[in-house]
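Line by line, the protein sequences give chains A and B.
Sequential numbering of the first sequence, starting at 30, is according to the working numbering.
Sequential numbering of the second sequence, starting at 23, is according to the working numbering.
To start, the structure under review is shown below, and the notes come after it.
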Amino acid sequence: MLDSLTQFHRPSTIEEACALLAAQDMKNVPLAGGTFLAESRDSTVQGLVDLSRLELSFIRHTGNEFVIGAMTPVQDIFKSKVLCGPSGRLLKDAAGKIGSTLLRNSITSGGNLVSVFPWSDLPPALLALDAEVQIRKGIPKRTIPVQALLEKSPREFLDRAELVTEIHVPVFGPQTGTSFTKFSKTANDYSLITVATRITLDGGTIGEARIALSGATRKPLRRNDAEQHLLGKPVSLALLAEAAAKAAQNLDLTSDFRASREFRTEVLQVLVRRALQDAIRQVGS
Amino acid sequence: MKLNLTINGNPKTFEISPNSILLDVLRRAGLKGVKKGCGEGSCGACAVLIDGRPRNSCLVFAAQCEGAKVISVEGMGNPANPHPLQDAFIRHGATQCGYCNPGSLIAAKALLERTPSPTWDEVKEALDGNLCRCTGYVKRIEAVLDAASFGKNNK
């Protein structure tokens, strides 16, 4: 329960929403789907700014990218007929792993990214796809990589008057494959390890590689050393296993009652190797 | 603050607080078919349709629904005139304690409105947010598939 809540705003434009968030005399916070805030006990929140009337629920294909409005329910991503190809596959696989049908109809793409938790499914997928976000502060806008948004935490990165309004995902050609894995005890439980991969082949060798992890790490992150290890080399099982081993090195993995650090380290390598194999299998399909 | 909703086809106005949760507002209005199970989005007993989408009403601020059309299990049918899904749940024994039924029925209704002839897997997926701890999961899938074919034969 938000005990100090006295105001509920329903702006109809982005400019109006940003002005409300900029207010100095009130602590207004943006409200997307509400699944986090409805349970929150943050007694500093005085006002909610409902973003549902800003017309930010859409999925568009613009030729070289997919544009997803920040208020698009993740169920719409999961069921989208617009999303296709390697990017579409990864986005749909990730969105379909979020919670349940009932939750996916509430949770939004922007909310899942900005209120990122270790178990959030879209952020690692967006990292693997080199996605960018459009951020508005009233009329001014800027576009930044999702990776920059996730470097610290999105809340720290964003100015209080700024809103993530769109997610831009590049379209990749038939030489690219992607794979998404959520490893958990039950389909609805929190992820123990999440792996999102993208491989782009260049002739007989690996031209681009992305390995993004979440679930077992405090925030979603990429494994640059493991990605670098793959570049310019012909695909072999041994190579993928080496990269997977590198992906598990120098990581401060979560250890809790669900799974120990040691267990997660072992499983992580297997999941990354399989995810790379799966991505390569998807090339050309 | 005021909240205007169309509940099960009837326009209603409520006096709510900005932090009121939709589930509590509906139950206070007498819609006791909307169940509070876990209160944190895990069990689905509180599911209602909000502008056609099945959502957990325990995780929705009532104020988010200004102007929305809300359908609860009370809007589906009654003992004298049950909805084909309710009828199928009874015939298939897809109910024991019954606590999960209102949410499961709402999720099933949302599925059949979008997908009138679902597959087994589509039903399973549509009900993935509705926990049932006594009847189990097979009978209600059979019931939904039966209701779907009943709907087809009566068109």
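For every residue, glycine included, the Cβ atom is placed at its ideal position computed from N, Cα and C.
Distance between residue j and residue i (C-alpha atoms, nearest Å)
i	j	result
GLY115 of chain B	CYS122 of chain B	13 Å
CYS47 of chain A	VAL58 of chain A	10 Å
SER109 of chain A	ILE88 of chain A	8 Å
ALA238 of chain A	VAL96 of chain A	23 Å
GLU44 of chain A	GLY62 of chain A	20 Å
HIS258 of chain A	GLU94 of chain A	28 Å
ARG302 of chain A	SER314 of chain A	20 Å
PHE286 of chain A	ALA90 of chain B	42 Å
LYS166 of chain A	LEU266 of chain A	48 Å
LYS170 of chain A	VAL193 of chain A	10 Å
LEU280 of chain A	ALA308 of chain A	23 Å
ALA36 of chain A	LEU45 of chain B	Correcting the residue identity first, residue 36 of chain A is Gln in this sequence and not Ala. Going by the C-alpha atoms only, they are around 20 Å apart.
THR234 of chain A	ILE228 of chain A	10 Å
LEU250 of chain A	LEU305 of chain A	16 Å
THR157 of chain B	SER171 of chain B	22 Å
Opening and closing residue of the alpha helix (DSSP H) in which residue i lies
i	result
GLU45 of chain A	43 to 51
ILE168 of chain A	Run containing ILE168 of chain A: none; DSSP gives neither H nor E here.
PRO147 of chain A	Here PRO147 of chain A belongs to no alpha helix (DSSP H), and DSSP marks it neither H nor E.
Neighbour flag for residue i against chain B, beta carbons, 8 Å
i	result
ASN68 of chain A	The sequence shown places Glu at residue 68 of chain A, not Asn. Yes, GLU68 of chain A counts as interfacial toward chain B.
PHE212 of chain A	no
GLY92 of chain A	no
GLY63 of chain A	yes
SER284 of chain A	no
THR35 of chain A	yes
THR130 of chain A	yes
ALA270 of chain A	no
ASN57 of chain A	no
SER81 of chain A	yes
LEU260 of chain A	no
ARG39 of chain A	yes
SER135 of chain A	yes
Residue i: first and last residue of the uninterrupted beta strand (DSSP E) it sits in
i	result
SER243 of chain A	234 to 243
PRO59 of chain A	57 to 60
ILE93 of chain B	91 to 93
ILE72 of chain B	69 to 72
LYS24 of chain B	24 to 29
ALA279 of chain A	According to the sequence shown, residue 279 of chain A is Asn rather than Ala. Premise fails: ASN279 of chain A is in no beta strand (DSSP E) and is neither H nor E.
ASN78 of chain B	75 to 78
DSSP state of residue i mapped onto helix, strand, coil
i	result
LEU34 of chain A	coil
GLU180 of chain A	helix
THR215 of chain A	coil
THR130 of chain A	helix
ILE136 of chain A	coil
ARG113 of chain B	helix
LYS248 of chain A	coil
ASN152 of chain B	coil
LYS177 of chain B	For LYS177 of chain B, the predicted model reports a pLDDT of 45, less than 50, meaning its position is unreliable; a value from the coordinates is still stated below. Three-state result, LYS177 of chain B: coil.
ILE38 of chain B	coil
GLU94 of chain A	strand
PHE292 of chain A	helix
ASP105 of chain A	helix
ARG227 of chain A	strand
PHE172 of chain B	helix
PHE186 of chain A	helix
LEU83 of chain A	coil
GLU195 of chain A	strand
GLU161 of chain A	strand
PRO33 of chain B	strand
GLY76 of chain A	strand
CB contact below 8 Å: residue i versus chain A
i	result
ARG155 of chain B	no
ASN46 of chain B	Before going further, note that residue 46 of chain B is Asp rather than Asn in the sequence given. Taking Cβ atoms only, chain A never reaches closer than 8 Å to ASP46 of chain B, which makes this a no.
GLU135 of chain B	no
PRO40 of chain B	yes
ILE163 of chain B	no
VAL95 of chain B	no
ILE43 of chain B	yes
GLU37 of chain B	no
LYS177 of chain B	Bear in mind that the predicted position of LYS177 of chain B carries a pLDDT of just 45, short of 50, making it unreliable; the figure below should be weighed with that in mind. Not one chain A Cβ lies under 8 Å of LYS177 of chain B.
GLU147 of chain B	yes
ALA170 of chain B	no
Residue i CB to nearest heavy atom of the ligand GTP below 7 Å
i	result
LYS146 of chain B	In the structure on display, the ligand GTP does not appear, and there are no ligands present to speak of.
With contact counted as at least three CB pairs below 8 Å, one residue from each stretch, are the segment 182 to 190 of chain A and the segment 276 to 296 of chain A in contact? no
With a threshold of 8 Å, are at least 3 pairs of Cβ atoms found where one atom belongs to the segment 91 to 106 of chain A and the other to the segment 136 to 144 of chain A? yes
Are at least three pairs of beta-carbons, each pair with one atom in the segment 126 to 135 of chain A and one in the segment 64 to 77 of chain B, less than 8 Å apart? yes
Check whether the segment 144 to 159 of chain A touches the segment 213 to 223 of chain A, taking contact to mean three or more Cβ pairs, one atom from each stretch, closer than 8 Å. yes
May I ask you to verify whether the segment 84 to 95 of chain B touches the segment 48 to 64 of chain B, counting CB pairs closer than 8 Å and requiring at least 3? yes
For the pair the segment 97 to 113 of chain B and the segment 162 to 171 of chain B, tell me if three or more CB-CB distances fall below 8 Å. yes
With contact counted as at least three CB pairs below 8 Å, one residue from each stretch, are the segment 191 to 210 of chain A and the segment 112 to 129 of chain A in contact? yes
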